[in-house]
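**Q** Residue numbers (the numbering used here): 12 to 264. Positions of the beta carbon are idealized from the N, C-alpha and C atoms, including for glycine. Here the structure is a predicted model, which is why all the values come from computation and not from measurement.
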Amino acid sequence: MSTGGVTTRWIRPDGGGPELFLAAPADAAPAATVVVGQELFGVTAWVRGVCERLAAAGYAAVAPDFYGRKAARAELPYDDAGRVEGFALLGTLTAEQVAADTAAALALGASLGGGAGRAFVGFSVGGHLGLLAGTRLPLDLVAACYPGWTLADTPLADDHPPLDEPGAAALAAHGTTVLGLVGADDHVVPPEQWARIGERLVTAGVRTDLVSYPGVPHGFLCDHRPATHRPAESADAFARILAALAAVALPRS
Numbered sequence: 012m013s014t015g016g017v018t019t020r021w022i023r024p025d026g027g028g029p030e031l032f033l034a035a036p037a038d039a040a041p042a043a044t045v046v047v048g049q050e051l052f053g054v055t056a057w058v059r060g061v062c063e064r065l066a067a068a069g070y071a072a073v074a075p076d077f078y079g080r081k082a083a084r085a086e087l088p089y090d091d092a093g094r095v096e097g098f099a100l101l102g103t104l105t106a107e108q109v110a111a112d113t114a115a116a117l118a119l120g121a122s123l124g125g126g127a128g129r130a131f132v133g134f135s136v137g138g139h140l141g142l143l144a145g146t147r148l149p150l151d152l153v154a155a156c157y158p159g160w161t162l163a164d165t166p167l168a169d170d171h172p173p174l175d176e177p178g179a180a181a182l183a184a185h186g187t188t189v190l191g192l193v194g195a196d197d198h199v200v201p202p203e204q205w206a207r208i209g210e211r212l213v214t215a216g217v218r219t220d221l222v223s224y225p226g227v228p229h230g231f232l233c234d235h236r237p238a239t240h241r242p243a244e245s246a247d248a249f250a251r252i253l254a255a256l257a258a259v260a261l262p263r264s
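(1) Could you check what DSSP says for Ser-264 in three-state terms: helix, strand or coil?
(2) For Ala-34, count the other beta carbons within 10 Å of its own beta carbon; 16 or more makes it buried, fewer makes it exposed. Which is it?
(3) Restricting to runs no shorter than 4 residues, where is the alpha helix (DSSP H) found entirely within the region 136-222?
(4) For Arg-64 and Gly-137, I'd like the C-alpha separation in whole angstroms.
(5) Can you tell me whether Phe-77 is helix, strand or coil according to DSSP?
(6) According to DSSP, simplified to helix, strand and coil, what is Glu-244?
(7) Give the single residue among Asp-169, Pro-36, Phe-52 whose Cα lies nearest to the Cα of Leu-87.
(8) Give me the Cα-Cα distance between Gln-108 and Ser-223, rounded to the nearest whole angstrom.
(9) Would DSSP call Glu-30 helix, strand or coil?
(10) If you compare alpha carbons, which of His-139, His-235, Pro-166, Ser-122 is closest to Gly-178?
(11) Given a cut-off of 7 Å on the beta-carbon distance, is the pair Ala-255 and Ala-154 in contact?
(12) Please work out which residues of its chain come closer than 6 Å, Cβ to Cβ, to Val-193, disregarding the five sequence neighbours upstream and downstream, and give them in chain order.
(13) Take Ala-67 and list the residues in its own chain whose beta-carbon comes closer than 6 Å to its own, dropping the five residues that flank it on each side.
(14) Once DSSP output is grouped into helix, strand and coil, what is the label at Ala-127?
(15) Using only CA atoms, which one of Val-61, Arg-218, Ala-260, Ala-180 lies nearest to Phe-32?
(16) Decide yes or no for the touch test of the region 92-111 against the region 160-169: beta carbon pairs closer than 8 Å, at least 3 of them.
(17) Do Pro-172 and Leu-162 count as a contact pair if the criterion is CB distance below 7 Å?
(18) Within the continuous alpha helix (DSSP H) that includes Gly-48, where are the two ends?
(19) Check Phe-249 in the structure and name its three-state DSSP category.
(20) Distance check for Gly-186 and Asp-234, CA to CA, integer angstroms please.
(21) From the DSSP output, in three-state form, read off Arg-236 for me.
(22) For Gly-28 and Ala-111, which I take to be in contact (beta-carbon distance under 8 Å), what is that distance rounded to the nearest angstrom?
(23) Pro-237: buried (16+ other C-beta within 10 angstroms of its C-beta) or exposed?
(24) Name the two residues that bound the continuous alpha helix (DSSP H) containing Thr-18.
(25) Checking 7 Å against the spacing of the C-beta atoms, do Val-95 and Ala-74 come in under that value?
(26) Whose C-beta lies closer than 6 Å to the C-beta of Ser-264 among residues of the same chain, with five residues either side of it excluded?
(27) Determine, using beta carbons only, whether Leu-123 and Ala-71 come nearer to each other than 7 Å.
In structure tokens form, the structure reads like this:
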């Protein structure tokens with residue numbers, strides 16, 4: 012489908028694996044590839060909309076269907092039942108699969124002939140998955156929005172906290188910049204945990220920009236959930252994401 016200068020479609024990777032939702036500029040090569048990490052609820056209409064927004068800004072935005080091995084194109088409701096099903100599906104996902112699906116998304120973006128930049132923008136669970144992928148693959152940027160379970164006790168099938176000491180060291184070795192965005196009233200990532208995340212990244216030598224918005228809850232970027240959406244902070248967060256992506260898209264010397 013093509014609308015407003017952006018084309019979208021689901022694609023099955025040549026090497027197999029779950030489908031990828033692609034949004035890309037319709038009439039130009041993308042400036043860089045951005046992997047978009049879903050919330051707990053799957054590649055929802057909101058996640059696809061984020062992809063389209065990034066494509067309109069000039070990027071190949073690719074959202075892997077991380078649940079696709081068990082439930083293709085799952086789009087769960089934003090309620091307790093959706094959370095239960097989401098955690099059940101998340102509990103079947105391994106770190107190796109996260110890396111494989113991210114690599115497939117990056118390859119799809121590269122196949123469109125655009126810039127060499129490689130980024131991951133993830134929301135909640137997707138922020139966790141982006142940091143996890145960054146410990147295994149060289150990414151220029153991980154924009155992790157309110158990422159849960161980063162230091163210990165992850166809900167994935169194999170417990171590999173992305174920001175344990177080896178994980179943080181791997182991000183540093185890859186030269187990855189981490190942009191972190193969270194609300195100060197986030198019940199999943201409370202302020203004391205956010206502080207520990209910052210300490211871990213800085214100690215490892217990761218280029219880091221962590222932002223906390225006063226009085227803001229978890230999930231504030233998703234305007235499909237009016238109870239927790241915060242328009243002003245969401246606008247600021249997206250502006251920061253786009254600025255970080257613009258740096259990734261700059262030509263390398």
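**A** Inspection of the coordinates gives the following:
(1) As a working note, residue 264 is residue 253 in the sequence shown. Interpretation of Ser-264 is limited by its pLDDT of 43, a score under 50 that renders its predicted location unreliable; the figure taken from the coordinates is listed afterwards. It is coil, neither helix nor strand.
(2) Counting from 1 along the sequence shown, the entry for residue 34 is found at position 23. With 16 or more other Cβ atoms within 10 Å, it is buried.
(3) 136-145, 176-184, 202-215
(4) What you label residue 64 is simply residue 53 of the sequence shown in a count that begins at 1. What you label residue 137 is simply residue 126 of the sequence shown in a count that begins at 1. Their backbone Cα atoms lie some 17 Å apart in a straight line.
(5) The sequence position of residue 77 within the sequence shown is 66, counting from 1. Residue state, collapsed to three classes: coil.
(6) Here residue 244 is taken as the residue at index 233 of the sequence shown, counted from 1. Here Glu-244 sits in helix by DSSP.
(7) Position 76 of the sequence shown holds residue 87. When each option's Cα is compared against that of Leu-87, the closest is Phe-52.
(8) In the sequence shown, residue 108 corresponds to position 97, counting from 1. In the sequence shown, residue 223 corresponds to position 212, counting from 1. Looking at the two C-alpha atoms, the distance is approximately 30 Å.
(9) The count along the sequence shown starts at 1 and reaches residue 30 at position 19. Coil.
(10) Position 167 of the sequence shown, counted from the start, is the residue given in the question as residue 178. With distances taken between Cα atoms, Gly-178 lies closest to His-139.
(11) Stepping through the sequence shown from its first residue, residue 255 is reached at position 244. Stepping through the sequence shown from its first residue, residue 154 is reached at position 143. Yes. Within cutoff.
(12) To locate residue 193, count along the sequence shown from 1; it is residue 182. Cβ within range, chain order: Tyr-157, Val-200, Trp-205, Ser-223.
(13) Looking up residue 67 in the sequence shown gives position 56. Cβ within range, chain order: Val-17.
(14) Within the sequence shown, residue 127 is the residue found at index 116, counting from 1. Coil at Ala-127, not helix or strand.
(15) As a working note, residue 32 is residue 21 in the sequence shown. Nearest C-alpha to Phe-32: Val-61.
(16) yes
(17) The sequence position of residue 162 within the sequence shown is 151, counting from 1. The sequence position of residue 172 within the sequence shown is 161, counting from 1. Result yes, Cβ atoms of Leu-162 and Pro-172 sit closer than 7 Å.
(18) Indexing the sequence shown from 1 puts residue 48 at position 37. Taken as a continuous stretch (DSSP letters only), Gly-48 belongs to no alpha helix (DSSP H), being part of the beta strand (DSSP E) at 43-48.
(19) Residue 249 sits at position 238 when you count from the first residue of the sequence shown. Correct three-state label for Phe-249: helix.
(20) To locate residue 234, count along the sequence shown from 1; it is residue 223. To locate residue 186, count along the sequence shown from 1; it is residue 175. The alpha-carbon atoms of Asp-234 and Gly-186 are separated by roughly 32 Å.
(21) Position 225 of the sequence shown, counted from the first residue, corresponds to residue 236. In the structure shown, Arg-236 sits in coil (DSSP, three-state: anything other than H, G, I, E or B).
(22) Within the sequence shown, residue 28 is the residue found at index 17, counting from 1. Within the sequence shown, residue 111 is the residue found at index 100, counting from 1. At roughly 6 Å, the Cβ-Cβ gap stays under 8 Å, so Gly-28 and Ala-111 are in contact.
(23) Along the sequence shown, one-based indexing puts residue 237 at 226. The residue is exposed, with fewer than 16 neighbouring Cβ atoms inside 10 Å.
(24) As a first step, residue 18 is located in the sequence shown; it is residue number 7 there, counting from the start. Premise fails: Thr-18 lies in the beta strand (DSSP E), 17-22, not in any alpha helix (DSSP H).
(25) Mapped onto the sequence shown, residue 95 falls at position 84. Mapped onto the sequence shown, residue 74 falls at position 63. Contact: no.
(26) Position 253 of the sequence shown, counted from the start, is the residue given in the question as residue 264. Per-residue confidence for Ser-264 stands at a pLDDT of 43, beneath the threshold of 50, marking its modelled position as unreliable; the derived number appears in the next sentence. Contacts found: none.
(27) Along the sequence shown, read from residue 1 onward, the residue named residue 123 stands at position 112. Along the sequence shown, read from residue 1 onward, the residue named residue 71 stands at position 60. Yes, they are a contact pair.
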